[in-house]
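Chemist:
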Ligand code: ASP
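Residue numbers (the working numbering): 1 to 404.
1. Please tell me whether residue 254 and residue 335 are closer than 7 Å, where the distance is taken between their beta carbons.
2. Between which two residues does the alpha helix (DSSP H) harbouring residue 264 extend?
3. When you measure from the CB of residue 338 to every non-hydrogen atom of the ligand ASP, does any distance come out below 6 Å?
4. So within the region 26-70, which uninterrupted alpha helix (DSSP H) runs reach at least 4 residues, ignoring any that extend past its ends?
5. Grab the span of the alpha helix (DSSP H) containing residue 179 for me, first residue to last.
6. Consult DSSP for residue 282 and reduce its assignment to one of helix, strand or coil.
7. If you compare alpha carbons, which of 2, 354, 29, 380 is closest to residue 188?
8. Please check the pair residue 385 and residue 71, which I expect to be a contact at CB under 8 Å, by giving their CB distance rounded to whole angstroms.
9. At the level of alpha carbons, what is the spacing between residue 179 and residue 173?
10. Have a look at 267, 221, 258 and flag the residue whose alpha-carbon is nearest the alpha-carbon of residue 242.
11. Given residue 23, which residues of its chain have a CB within under 7 Å of its CB, disregarding the five upstream and five downstream residues?
12. Tell me which same chain residues have a C-beta within less than 8 Å of the C-beta of residue 184, skipping the five on either side of it?
13. Taking buried to mean at least 16 other C-beta atoms within 10 Å of its own C-beta, is residue 315 buried or exposed?
14. In this structure, how does DSSP classify residue 80 when only helix, strand and coil are distinguished?
15. Per DSSP, what kind of secondary structure is residue 233 in: helix, strand or coil?
16. Below 7 Å between beta carbons: does that hold for residue 362 and residue 86?
17. Taking residue 372 as the reference, give the member of 327, 310, 263, 134 with the closest Cα.
18. If you draw a straight line from the alpha carbon of residue 345 to that of residue 77, how long is it in whole angstroms?
Below, the structure is given as structure tokens:
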């Protein structure tokens, strides 16, 4: 049986078991946590080693710069489309209509770092510390420098290159091994979520959930399908089936970073993205490109405004687009991070922060779809960038999911 079929079965069984068993299904969570830990174990060595080798093989600085610019432009554009879509849907569907506001308590916001500080923070003062604390942007910056320098020193760099090249291969191999456990991990995580989020939690906010899911699915169908077809002539069916494992893992783990090893493997093995491009575009995307989060933040901002009876005008809409773009860039690829960053959007438009508590109870369910979109956007980006560089590999016909 193909791996993706097994994952799908784990998924459906998990949902059924969670619904039948209810909250005690939480007992299964350690199996899911084990799965997440197994993948997380690979992130730092995988990202660092593959990016060093990738940057050194991209070699010439001009190409590296070009790939960088394309990636960032693609990420910003798709994120702006995502928020606009979220806002349009929320305006049409009115997720807050009919919601009865009871007293919610006080939300204590955490301070959000400013723009200058965020940019400065990308440069590590201690690369080892960046790895220890899993600071992805800092790891990326250091790896890029190391890779470029490696290309510049020629023969002297060969041992370093070979060492990291084989480190990356080892990490990819372990990713494959860990994925064998994915059906069980996904089963446990989904059972836990459905078991602990019964209908009583979900129904009052069904409209918010509906709008966020609809926004994400439309964004995938329109924007991502359009992008891979337009730039790479890749059929959407091929794209989504090739990336299915990445989507399933993101959906169940709610973490773009934790999904990274799987998304890179899918893009390289099933979608034909070369390693050097995948190891640059995807780790960067897992950190800064969060289209699902952007949709969610737009929808939630409008929902909160509606529930509190606050009218928003064009300037507020534009502020939401701008701040949600920034907030989604600043959101870490870990569960629940998007909700914390929502404070930034609410603050900018002057909406009550306490409103966050309204959605806190269902945030996991929203996190699943937004994380799924976040990583799918990165994979589509990798395909687009590879195609425009003329480097997308054509795989043998019929290669889709789980080629290996
Ligand atoms: N959990 C999301 C992710 O890892 C971030 C978010 O909370 O929006 O992509």
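A virtual CB, placed ideally from N, CA and C, is assigned to each residue, including glycine.
Modeler: Judging by the given coordinates:
1. Their beta carbons are under 7 Å apart, which means residue 254 touches residue 335 by this criterion.
2. Taken as a continuous stretch (DSSP letters only), the alpha helix (DSSP H) holding residue 264 covers 256-270.
3. For residue 338, the Cβ falls inside the 6 Å cut-off from some heavy atom of the ligand ASP.
4. Assignment of alpha helix (DSSP H) within the region 26-70, counting only whole runs of 4 or more residues, yields 29-58 in chain order.
5. Judged by DSSP secondary structure, residue 179 falls within the alpha helix (DSSP H) whose first and last residues are 158-179.
6. In the structure shown, residue 282 sits in a helix (DSSP, three-state: H, G or I).
7. Distances from the CA of residue 188 to each of 2, 354, 29, 380 were compared; the closest alpha carbon is that of 29.
8. About 6 Å separates the Cβ atoms of residue 385 and residue 71, confirming a contact at the 8 Å cut-off.
9. Between residue 179 and residue 173, the alpha-carbon positions lie close to 10 Å from each other.
10. Its Cα nearest to that of residue 242, the residue 267 stands out among 267, 221, 258.
11. 195, 196.
12. Answer for residue 184: 10, 31, 35, listed in chain order.
13. Burial call: exposed.
14. Three-state result, residue 80: helix.
15. The three-state secondary structure of residue 233, taken from DSSP, is coil.
16. Not in contact: residue 362 and residue 86 (Cβ atoms no closer than 7 Å).
17. The candidate whose alpha carbon is nearest that of residue 372 is 263.
18. Answer to the nearest angstrom: the Cα atoms are 19 Å apart.
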